[in-house]
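Enquirer:
Number of protein chains: 2
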Amino acid sequence: MPSSADTAATELPTTLAGRRCLVLGGAGFLGRALCRALVAAEAEVTAFGRQSAAPAGLADAARWLGGAFDDPDAVARAVAGQEIVFHLIGPRAPAESNRDPAEDARQSILPTLGLLEAARAAGVGRIVFASSGGTVYAPDAAMPATETAPTEPITAYGIAKLAIEKYLALYHRLHGLDFVALRIANAYGPGQLPGTAQGVVATLLDRALRGLPAEIWGDGSVVRDFVHVDDVTRAFVAAALYRGPVTVMNAGSGAGRSIRSVAEDAARLAGGAPQIRYRAGRPADMPVSVLDSALMRRETGWTPQVDWDEGLADTARWLKSARGAG
Amino acid sequence: MPSSADTAATELPTTLAGRRCLVLGGAGFLGRALCRALVAAEAEVTAFGRQSAAPAGLADAARWLGGAFDDPDAVARAVAGQEIVFHLIGPRAPAESNRDPAEDARQSILPTLGLLEAARAAGVGRIVFASSGGTVYAPDAAMPATETAPTEPITAYGIAKLAIEKYLALYHRLHGLDFVALRIANAYGPGQLPGTAQGVVATLLDRALRGLPAEIWGDGSVVRDFVHVDDVTRAFVAAALYRGPVTVMNAGSGAGRSIRSVAEDAARLAGGAPQIRYRAGRPADMPVSVLDSALMRRETGWTPQVDWDEGLADTARWLKSARGAG
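Sequence order for the protein chains is A and B. Residues in the first sequence are numbered from 1 upward in steps of one, following my numbering. Residues in the second sequence are numbered from 1001 upward in steps of one, following my numbering.
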């Protein structure tokens, strides 16, 4: 089964053909993959981000619109005439957000409320929101978490994601603005840069490929649900095409993997023995986060297709080629 | 049993004696009553609000501090040296908040995050937050609602209250800042001005006393949980003195009353036949909102004491005397 970001788009349904789609956060890891998939599905794609020009590889396929998400005029221009808006802009990584929750709220909740006003004024058909399955649930919720698990975020990032879901529901109720919020697990795969706060798979794999020891926060027992970027992209498309009544759905692999086991798998793939250095744990870490995505499967037919070993190998190939190119 | 705002304070526990208490929103309906109760309990009371001077009746008892809640310096000055901070500032009524959710968030979520930063910097011992039992729960939640009912607010006001509860929990977890959030039902009683968005009992009673017909949104079938201001004040004090692990508790009467029945009771009390004019319903109205306060009773011993007929008569006396004085 093909699983790289470049080939996955060919598997997408084609009913987005000719639909005007806006990807907010189009230069990010998920945003770039989504734009490529939408272009492959023959949608008319506009990508929006703070960069003044399109990132490499996107220029030919999608129209690029540079602007600040907290600039109402820029957002109004971006949403004008759009049918489906994919909202993938998030200001900070979960742990960082706790350093300044007010700043996090200013960068996420407030501009999103500006987006909702602009979207209803422009008559946007649907907003597909990238919520966060890894941060909205209570740390002591039963895992895998279903959508009805208690929502008690332990990061400002998660609180903002949850509040935005509720503002989306409010705009739906008040103004008929349609939405689907996907509570996405930890995405990984080709295109994710190592060294970023959320890219733990890319970081561990990159270090293993370079023969360096893994550096892990805590004792490595933290468990996450890693879902391949191609599966996330397919989930976004499924959410855009979904015609049922459910508005909030998990999208994860359903499998829990400890950070330590990821480091070990990365080392094995790189052909070396696992070397792990442990650093002091971060209080923002949920001990275990795994998503039950049965609702999404039942409602949309979506199900994760990329298996872990394959996805990891795929990511390793991309990291090597990216290094070669850089 | 005494139930007016002036006499109730004598029933309060006295263990707040000498404690430095700040009441944010000290000039509001609940804020004034709370200040009086705290003074009667021999606390050292500071009241904060946007007014430049203390409202009548508060000047002798509490220190007044005028300032804007979104001014970090004013808030820092207010919380300096305080042991217990009662946060009663809410920007708008629920229905109004839906006209401009972004403005509501700017006036509630953001300055509250400023407060939390100031409170942790100042080493405040506890924040008691006036959350909203009438707006945080899902409209289709089973009633009376317990604290574990689904939280799906249908107003921006309710979304902000819920988000603030979660930010309080975050600051507790990250910085040890202690808090109790009270999900208060619809407060009524002496001191509440008729004609305000939230003062439906005062408004209906005032019109009945003046021989005017009641004006009701919708068909009057909307059911609310009306809790007397003296009981709310006692709930705040109980929350301030509480030493258990629970942080979010309902505080209501547990009885549901339709708006129509309130209008009828008000007319009967005024000695006339009920006259009701119906106006188009507001989409922000929950059909039924009644709170189960068993958790609060179990944890703190608090229980509502003012019965409805007594509370209504009490409110009527105050309205007449306020009119006489005005």
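No residue lacks a Cβ here, since even glycine has one placed at the ideal position from N, Cα and C. Keep in mind it's a predicted model, so treat the numbers as computed, not measured.
1. Give me the Cβ distance between A/Ala251 and A/Arg298, rounded to the nearest whole Å; I'm assuming they're in contact under 8 angstroms.
2. Is DSSP giving B/Leu1209 helix, strand or coil here?
3. Measure from the alpha carbon of B/Gly1066 to the alpha carbon of each residue in B/Ala1208, B/Pro1101, B/Ala1047, B/Val1262, then state which is nearest.
4. Verify whether the separation of the beta carbon atoms of A/Trp318 and A/Gly191 is less than 8 angstroms.
5. How would you list, in chain order, the residues of chain B whose beta-carbon sits under 8 angstroms from the beta-carbon of A/Leu170?
6. For a cutoff of 8 angstroms on Cβ pairs, would you count B/Ile1127 as touching chain A?
7. So with Cβ pairs under 8 angstroms, would you call B/Asp1044 a contact of chain A?
8. Determine the closest residue to B/Leu1110 out of B/Arg1260, B/Ala1163, B/Ser1261, B/Gly1271, with distance taken between C-alpha atoms.
9. Based on the DSSP secondary-structure assignment, which residues constitute the bridge partners of A/Gly49?
10. In angstroms with no decimal places, state the Cα-to-Cα distance between A/Gly327 and B/Ala1061.
11. Please name the residue in B/Ala1033, B/Ala1054, B/Ile1084, B/Ala1122 whose C-alpha comes closest to that of B/Asp1073.
12. Considering only residues of the segment 200-283 of chain A, which uninterrupted beta strand (DSSP E) runs meet the minimum length of 3 residues and lie entirely inside it, listed in chain order?
13. Using a Cβ-Cβ cut-off of 8 angstroms, state whether A/Tyr137 counts as contacting chain B.
14. Measuring straight from C-alpha to C-alpha, what distance separates B/Leu1088 and B/Ala1105?
15. Quick check: B/Leu1024 and B/Phe1086, are their CB atoms within less than 8 angstroms of each other?
16. Residues of chain B with a CB under 9 angstroms from the CB of A/Ile109: which are they?
17. Report buried or exposed for B/Arg1210, applying the criterion of at least 16 other Cβ atoms within 10 angstroms of its Cβ.
18. For B/Val1201 versus B/Val1262, is the C-beta spacing smaller than 8 angstroms?
19. Touching or not, the segment 1028-1046 of chain B and the segment 1231-1245 of chain B, by the rule of three or more beta carbon pairs under 8 angstroms?
20. Quick one: residues in its chain with C-beta nearer than 7 angstroms to the C-beta of A/Ala240, no 5 flanking neighbours on either side, listed in chain order?
21. Strictly below 8 angstroms CB to CB, what residues from chain A border B/Leu1384?
22. Just verifying my parser: in three-state terms, what is the DSSP assignment at B/Ile1084?
23. Write down the C-beta distance between B/Lys1166 and A/Pro153 rounded to the nearest angstrom, noting that I regard them as a contact closer than 8 angstroms.
24. Do A/Ala267 and A/Ala181 have their C-beta atoms closer together than 8 angstroms?
25. What are the partner residues of A/Ile127, as DSSP defines its beta bridges?
26. Can you tell me whether B/Arg1155 is buried or exposed? The criterion is at least 16 other CB atoms within 10 Å of its CB, across all chains shown.
27. Taking the beta strand (DSSP E) that A/Arg20 falls in, what are its first and last residues?
28. Among A/Ser258, A/Glu96, A/Glu147, A/Leu168, which has the Cα closest to the Cα of B/Leu1174?
29. Among the candidates A/Ala322, A/Val79, A/Glu310, A/Val227, whose CA atom is the shortest distance from the CA of A/Ser289?
30. Rounded to a whole number of angstroms, what is the C-alpha to C-alpha distance between A/Arg20 and A/Ala41?
31. I'd like the list of long-range same chain contacts for A/Gly189, defined as Cβ closer than 7 angstroms, with 5 residues on each side in sequence excluded.
32. According to DSSP, A/Ser132 sits in a beta bridge with which residue or residues?
33. For A/Glu147, return the contacting residues in chain B, with the cut-off set at a CB-CB distance below 8 angstroms.
34. Between which two residues does the alpha helix (DSSP H) carrying B/Thr1112 extend?
35. I need the straight-line Cα distance from A/Thr196 to A/Leu269, nearest angstrom please.
36. Could you tell me which residues DSSP pairs with B/Leu1058 in its beta bridges?
Expert: Result, derived from the coordinates:
1. Position 251 of the first sequence, counting from 1, holds the residue named residue 251 of chain A. Position 298 of the first sequence, counting from 1, holds the residue named residue 298 of chain A. Going by Cβ atoms, the distance from A/Ala251 to A/Arg298 rounds to 13 angstroms, so no, they are not a contact pair.
2. The residue you call residue 1209 of chain B lines up with position 209 of the second sequence. In the structure shown, B/Leu1209 sits in a helix (DSSP, three-state: H, G or I).
3. Residue numbering aside, residue 1066 of chain B sits at position 66 when the second sequence is read from its first letter. With distances taken between Cα atoms, B/Gly1066 lies closest to B/Ala1047.
4. Numbered from its first residue, the first sequence carries residue 318 of chain A at position 318. Numbered from its first residue, the first sequence carries residue 191 of chain A at position 191. Yes, the pair counts as a contact, with Cβ atoms nearer than the cut-off.
5. Sequence index remark: in the first sequence, residue 170 of chain A carries index 170 (1-based). Asn1098, Pro1101, Pro1153, Ile1154, Thr1155, Ala1156, Ile1159, listed in chain order.
6. Stepping through the second sequence from its first residue, residue 1127 of chain B is reached at position 127. No, its Cβ sits nowhere closer than 8 angstroms to a Cβ of chain A.
7. One-based indexing of the second sequence puts residue 1044 of chain B at position 44. Before going further, note that residue 1044 of chain B is Glu rather than Asp in the sequence given. So no, B/Glu1044 is outside the interface.
8. For the purposes of this step, residue 1110 of chain B is identified with residue 110 of the second sequence, where counting begins at 1. Here the closest residue by C-alpha is B/Ala1163.
9. Translated into the one-based positions of the first sequence, residue 49 of chain A becomes position 49. A/Gly66, per the DSSP bridge assignment.
10. The requested residue 327 of chain A is not part of the displayed model; chain A covers only 1 to 326.
11. The residue given as residue 1073 of chain B occupies position 73 in the second sequence. Out of B/Ala1033, B/Ala1054, B/Ile1084, B/Ala1122, B/Ala1122 has the C-alpha closest to the C-alpha of B/Asp1073.
12. 214-217, 226-228, 248-251, 276-279
13. Locating residue 137 of chain A in the first sequence gives position 137, counting from the first residue. Cβ-Cβ to chain B under 8 angstroms: no for A/Tyr137.
14. If you number the second sequence from 1, residue 1088 of chain B lands on position 88. If you number the second sequence from 1, residue 1105 of chain B lands on position 105. Rounded to whole angstroms, B/Leu1088 to B/Ala1105 spans 16 angstroms at the Cα level.
15. As a working mapping, residue 1024 of chain B is identified with position 24 in the second sequence. As a working mapping, residue 1086 of chain B is identified with position 86 in the second sequence. For B/Leu1024 and B/Phe1086, yes; Cβs fall inside 8 angstroms.
16. Taking the first residue of the first sequence as position 1, residue 109 of chain A is located at position 109. Simply Ala1102, Ala1105, Ile1109, Leu1110, Ala1163.
17. Residue mapping note: residue 1210 of chain B aligns to position 210 of the second sequence, counting from 1. By the neighbour-count criterion, in which a residue is buried when 16 or more other Cβ atoms sit within 10 angstroms of its Cβ, B/Arg1210 is exposed.
18. Along the second sequence, one-based indexing puts residue 1201 of chain B at 201. Along the second sequence, one-based indexing puts residue 1262 of chain B at 262. Cβ atoms of B/Val1201 and B/Val1262: closer than 8 angstroms.
19. yes
20. For this step, residue 240 of chain A is matched to residue 240 along the first sequence. So the qualifying residues of the chain are Leu16, Ile84, Arg126, Val128.
21. The requested residue 1384 of chain B is not part of the displayed model; chain B covers only 1001 to 1326.
22. In the second sequence, the residue the question calls residue 1084 of chain B occupies position 84. B/Ile1084: strand per DSSP, three-state reduction.
23. In the second sequence, counting from the first residue as 1, residue 1166 of chain B sits at position 166. In the first sequence, counting from the first residue as 1, residue 153 of chain A sits at position 153. Their Cβ separation, rounded to whole angstroms, is 6 angstroms, which keeps B/Lys1166 and A/Pro153 in contact under 8 angstroms.
24. What you label residue 267 of chain A is simply residue 267 of the first sequence in a count that begins at 1. What you label residue 181 of chain A is simply residue 181 of the first sequence in a count that begins at 1. No, they are not a contact pair.
25. The count along the first sequence starts at 1 and reaches residue 127 of chain A at position 127. In DSSP, A/Ile127 forms a bridge with A/Val85, A/Phe179.
26. The residue labelled residue 1155 of chain B in the question sits at position 155 within the second sequence. This sequence places Thr at residue 1155 of chain B; Arg is not what is there. Classification for B/Thr1155: buried.
27. Stepping through the first sequence from its first residue, residue 20 of chain A is reached at position 20. 20-24 is the span of the beta strand (DSSP E), which, as asked, contains A/Arg20.
28. The residue labelled residue 1174 of chain B in the question sits at position 174 within the second sequence. Minimum Cα distance to B/Leu1174 is reached at A/Glu96.
29. For the purposes of this step, residue 289 of chain A is taken as residue 289 along the first sequence, with counting starting at 1. Nearest option by C-alpha distance: A/Val227.
30. Along the first sequence, read from residue 1 onward, the residue named residue 20 of chain A stands at position 20. Along the first sequence, read from residue 1 onward, the residue named residue 41 of chain A stands at position 41. Taking the straight line from one Cα to the other gives about 12 angstroms.
31. Translated into positions along the first sequence, residue 189 of chain A becomes position 189. Cβ within range, chain order: Ala5, His228, Val229, Asp230, Gly311, Asp314, Thr315.
32. In the first sequence, counting from the first residue as 1, residue 132 of chain A sits at position 132. Answer is A/Ile184, bridged to A/Ser132.
33. As a first step, residue 147 of chain A is located in the first sequence; it is residue number 147 there, counting from the start. Residues of chain B whose Cβ lies closer than 8 angstroms to the Cβ of A/Glu147 do not exist; the shortest such Cβ separation is about 11 angstroms.
34. To locate residue 1112 of chain B, count along the second sequence from 1; it is residue 112. Segment 1101-1122, the alpha helix (DSSP H) holding B/Thr1112.
35. If you number the first sequence from 1, residue 196 of chain A lands on position 196. If you number the first sequence from 1, residue 269 of chain A lands on position 269. Cα-Cα distance, rounded: 21 angstroms.
36. For this step, residue 1058 of chain B is matched to residue 58 along the second sequence. BP columns for B/Leu1058 are empty, so no partner.
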